[in-house]
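Protein chains in written order, with the numbering used here: chain A, 403 to 510; chain B, 13 to 549.
Below you can see the structure in the form of structure tokens.
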């Protein structure tokens with residue numbers, strides 16, 4: 403976990419309800435109200451999708467919904483910008499390959 | 013279809029400023045924003061802002077955001093979030109989609125576009141690897157989401173964004189391995205650079221990134237030196253380990269909606285590239301569509317706020333809510349504030365671009381054109397000693413005195429207001445360097461926490477027979493404890509000598525800028541300016 407629990411300016415992190423979401427079927431803990439991208443980053447998950455042609459991995463880039471590099475399959479819906487979409491308990495997040503037709507199996 | 017006076021698109025500082033001013037004069041205003049929280053990028057700005065009292069200097073960005081939201085709320089301004097604009101038509105009908113499913117239309121009489129900017133990317137082999145992110149994304153993660161974007165970070169670019177986000181990453185507890193700058197001068201404020209230098213972060217000038225390496229994510233960064241013509245110098249390659257590379261290489265105005273509306277565009281490199289042309293009222297080439305903030309040229313948040321206020325006043329005036337005689341006065345007042353923010357060598361290019369594009373004398377400030385000499389690549393003790401805020405050696409030996417290490421003209425003056433003795437003076441323009449009236453200075457130290465640049469220190473030559481004391485601002489965790497001995501560091505973050513912590517003043521009025529006083533050997537009174545940062549648990 404790499405959460406900033408204490409901060410010299412912002413103080414201690416507020417206690418927030420924890421929720422469980424799944425990433426490619428694996429359960430991880432997220433904080434209610436945070437973005438999917440933040441939850442994955444907090445869980446040291448750095449691969450969000452794989453490109454169609456070159457099969458390279460991508461992750462959060464701009465962080466404010468402009469670049470679409472962080473898109474994933476969320477509750478079955480592909481191309482969801484995870485940096486501006488907030489987690490919900492039980493949400494299913496899947497690594498997206500290309501446009502989202504294939505299922506990603508490689509996560510270790 | 014709902015009809016209103018003014019639709020503001022974008023709930024950042026420019027949009028909020030526009031809505032508040034128009035609302036204040038009686039216009040019915042709605043703000044829409046595509047994000048699910050208002051404030052644009054303001055809530056990520058956790059540092060104290062520059063400027064003057066009118067610009068809310070010395071107040072942190074997110075607190076300014078809270079005040080603006082409260083003000084908008086008190087005026088009954090509706091902010092529709094998670095709402096995207098999908099069309100702007102000739103009759104100003106705007107089509108919207110909320111929560112990606114609810115489609116609606118609205119008919120405003122005037123529109124303010126305050127869509128902000130978009131960070132630029134930099135391409136190099138490996139730039140798409142996970143771990144290469146924009147500085148803005150890093151700021152969002154560590155200040156809003158409270159997640160570190162990485163453990164060992166390299167920042168590319170020494171503009172204010174690169175400098176500030178590096179500092180904020182340190183505050184959040186990340187390691188910043190280095191900051192890389194292609195040019196031979198720091199792009200942003202010297203005082204921002206000084207903060208991260210005191211923290212021991214190497215700023216590598218005249219270098220650029222040539223690749224990011226790693227299997228599935230960033231593991232290593234390779235940089236190379238550049239010659240005067242920006243060519244790579246073969247053989248100068250250096251590599252180091254990093255898991256995150258932050259790009260702080262500037263922004264472009266986000267012109268998508270302005271283009272959609274048909275606003276005429278022009279290219280102004282010093283303002284970030286293509287932007288909608290606008291006049292002295294911030295009105296675009298399309299009658300009734302105003303622009304403000306980063307969309308109208310990439311600048312700082314306080315500039316965006318004032319441009320927004322101007323757009324709001326102009327739209328309210330054009331709707332008849334402001335008396336014809338009053339409007340030019342209000343406008344002049346805002347242009348005066350904007351002029352002071354753009355004054356000085358760092359703002360000169362932006363000011364002249366704005367003058368060129370607006371083409372009116374109106375935006376002249378009362379100030380003479382800036383003829384500031386070229387800035388040095390780095391400010392040294394000698395530069396500070398020659399600047400008007402530095403006390404004389406005789407004065408230092410007489411007892412406690414403020415020592416202002418502010419040698420670069422930037423628009424800022426909270427130190428003046430903070431001094432109860434009137435010992436700090438900035439004449440003519442807020443960009444001028446602070447002058448210390450050293451005989452008036454009582455050495456109270458109230459100015460230290462007020463300085464957004466953290467550039468004021470308190471020197472007490474007579475702390476004891478053999479020791480002097482040095483006080484400095486400090487915004488990291490953990491805070492040291494009085495009585496502890498820690499390593500004193502110089503302006504480059506290099507160890508000088510062990511020092512004893514005498515006092516840690518973190519009172520409320522300092523607003524989280526702790527003032528730390530250390531006892532140092534008298535010979536180090538001009539060297540020690542901070543302490544080695546402690547290790548976070």
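The beta carbon of each residue, even a glycine, is placed where N, CA and C say it ideally should be.
Give every residue of the same chain whose Cβ lies closer than 6 Å to the Cβ of residue i, excluding the five residues on either side of it in the sequence, and list them in chain order.
i, result
"residue 100 (chain B)", "106, 272 and 273"
"residue 473 (chain B)", "408, 409 and 480"
"residue 339 (chain B)", "329"
"residue 471 (chain A)", "460 and 463"
"residue 38 (chain B)", "333"
"residue 424 (chain A)", "494"
"residue 76 (chain B)", "68"
"residue 134 (chain B)", "259 and 261"
"residue 380 (chain B)", "Bear in mind that a pLDDT of 45 at residue 380 (chain B), under 50, signals an unreliable position, so the model cannot answer this."
"residue 411 (chain A)", "none"
Could you round the C-beta distance between residue i and residue j to whole angstroms and report it? I think they count as a contact, below 8 Å.
i, j, result
"residue 457 (chain B)", "residue 470 (chain B)", "4 Å"
"residue 152 (chain B)", "residue 131 (chain B)", "So it is not a contact: roughly 11 Å between Cβ atoms."
"residue 428 (chain B)", "residue 416 (chain B)", "With 8 Å as the limit, residue 428 (chain B) and residue 416 (chain B) do not qualify as a contact, their Cβ atoms being about 11 Å apart."
"residue 48 (chain B)", "residue 116 (chain B)", "About 17 Å; that fails the 8 Å criterion."
"residue 418 (chain A)", "residue 408 (chain A)", "Actually they are not in contact, since the Cβ atoms of residue 418 (chain A) and residue 408 (chain A) sit about 15 Å apart, beyond 8 Å."
"residue 292 (chain B)", "residue 370 (chain B)", "6 Å"
Quick check: the Cα distance between residue i and residue j, rounded to an integer number of angstroms?
i, j, result
"residue 255 (chain B)", "residue 436 (chain A)", "23 Å"
"residue 221 (chain B)", "residue 233 (chain B)", "7 Å"
"residue 518 (chain B)", "residue 209 (chain B)", "23 Å"
"residue 352 (chain B)", "residue 177 (chain B)", "25 Å"
"residue 444 (chain B)", "residue 31 (chain B)", "32 Å"
"residue 431 (chain A)", "residue 414 (chain A)", "19 Å"
"residue 306 (chain B)", "residue 442 (chain A)", "31 Å"
"residue 463 (chain A)", "residue 144 (chain B)", "7 Å"
"residue 502 (chain A)", "residue 485 (chain A)", "18 Å"
"residue 320 (chain B)", "residue 33 (chain B)", "8 Å"
"residue 17 (chain B)", "residue 167 (chain B)", "44 Å"
"residue 162 (chain B)", "residue 184 (chain B)", "11 Å"
"residue 25 (chain B)", "residue 449 (chain B)", "36 Å"
"residue 193 (chain B)", "residue 260 (chain B)", "10 Å"
"residue 51 (chain B)", "residue 230 (chain B)", "32 Å"
"residue 136 (chain B)", "residue 486 (chain B)", "36 Å"
"residue 493 (chain B)", "residue 533 (chain B)", "19 Å"
"residue 468 (chain A)", "residue 447 (chain A)", "21 Å"
"residue 129 (chain B)", "residue 266 (chain B)", "4 Å"
"residue 148 (chain B)", "residue 411 (chain B)", "44 Å"
"residue 343 (chain B)", "residue 219 (chain B)", "44 Å"
"residue 511 (chain B)", "residue 404 (chain B)", "24 Å"
Where DSSP assigns a beta bridge to residue i, which residues make up the other side?
i, result
"residue 474 (chain A)", "A:482"
"residue 120 (chain B)", "B:16"
"residue 415 (chain B)", "B:469"
"residue 454 (chain A)", "None, per the DSSP bridge assignment."
"residue 141 (chain B)", "Per DSSP, none; premise fails for residue 141 (chain B)."
"residue 256 (chain B)", "B:165"
"residue 157 (chain B)", "In the DSSP output, where bridge partners are listed per residue, residue 157 (chain B) has none listed."
"residue 522 (chain B)", "For residue 522 (chain B), which the question treats as bridged, DSSP gives no partner whatsoever."
"residue 223 (chain B)", "B:234"
Applying a beta-carbon distance threshold of less than 7 Å, which residues of chain B neighbour residue i?
i, result
"residue 410 (chain A)", "183, 487, 488, 489 and 524"
"residue 468 (chain A)", "130"
"residue 448 (chain A)", "142, 143 and 229"
"residue 436 (chain A)", "157"
"residue 458 (chain A)", "140"
"residue 444 (chain A)", "159"
"residue 421 (chain A)", "Going along chain B, no residue has its Cβ under 7 Å from residue 421 (chain A), so there is no contact; the nearest lies around 15 Å."
For residue i, which residues in the same chain have their Cβ closer than 7 Å to its Cβ, ignoring the five residues on either side in sequence?
i, result
"residue 2 (chain B)", "There is no way to answer for residue 2 (chain B), as the model of chain B reaches only from 13 to 549."
"residue 83 (chain B)", "32"
"residue 383 (chain B)", "Per-residue confidence for residue 383 (chain B) stands at a pLDDT of 48, beneath the threshold of 50, marking its modelled position as unreliable; the derived number appears in the next sentence. No residues qualify anywhere along the chain."
"residue 546 (chain B)", "490 and 492"
Below 7 Å on C-beta distance, what does residue i contact in chain A?
i, result
"residue 146 (chain B)", "463, 464 and 465"
"residue 58 (chain B)", "411 and 412"
Excluding sequence positions up to five away, which residues of its chain have a Cβ less than 8 Å from the Cβ of residue i?
i, result
"residue 62 (chain B)", "69, 201, 312, 314, 422, 423, 424, 464 and 465"
"residue 92 (chain B)", "42, 43, 44, 45, 108 and 110"
"residue 172 (chain B)", "199, 200, 201, 204 and 312"
Mind listing the chain B neighbours of residue i? Cutoff is C-beta to C-beta under 9 Å, in chain order.
i, result
"residue 404 (chain A)", "159, 160, 161, 162, 163, 185 and 186"
"residue 414 (chain A)", "Ordered by position in chain B, no residue passes the 9 Å Cβ test against residue 414 (chain A), which lies about 10 Å from the chain."
"residue 440 (chain A)", "152, 153, 156, 157, 158 and 159"
Please list, in chain order, the chain A residues whose beta carbon lies closer than 8 Å to that of residue i.
i, result
"residue 350 (chain B)", "The premise fails here: residue 350 (chain B) is roughly 26 Å from chain A at the closest Cβ pair, so nothing lies under 8 Å."
"residue 47 (chain B)", "466, 467 and 486"
"residue 149 (chain B)", "462, 463, 464, 465, 466 and 485"
Indicate, with yes or no, if the ligand NAP has a heavy atom lying under 7 Å from the CB of residue i.
i, result
"residue 59 (chain B)", "As presented, the structure is devoid of all ligands, the ligand NAP included, so that no description of it is given."
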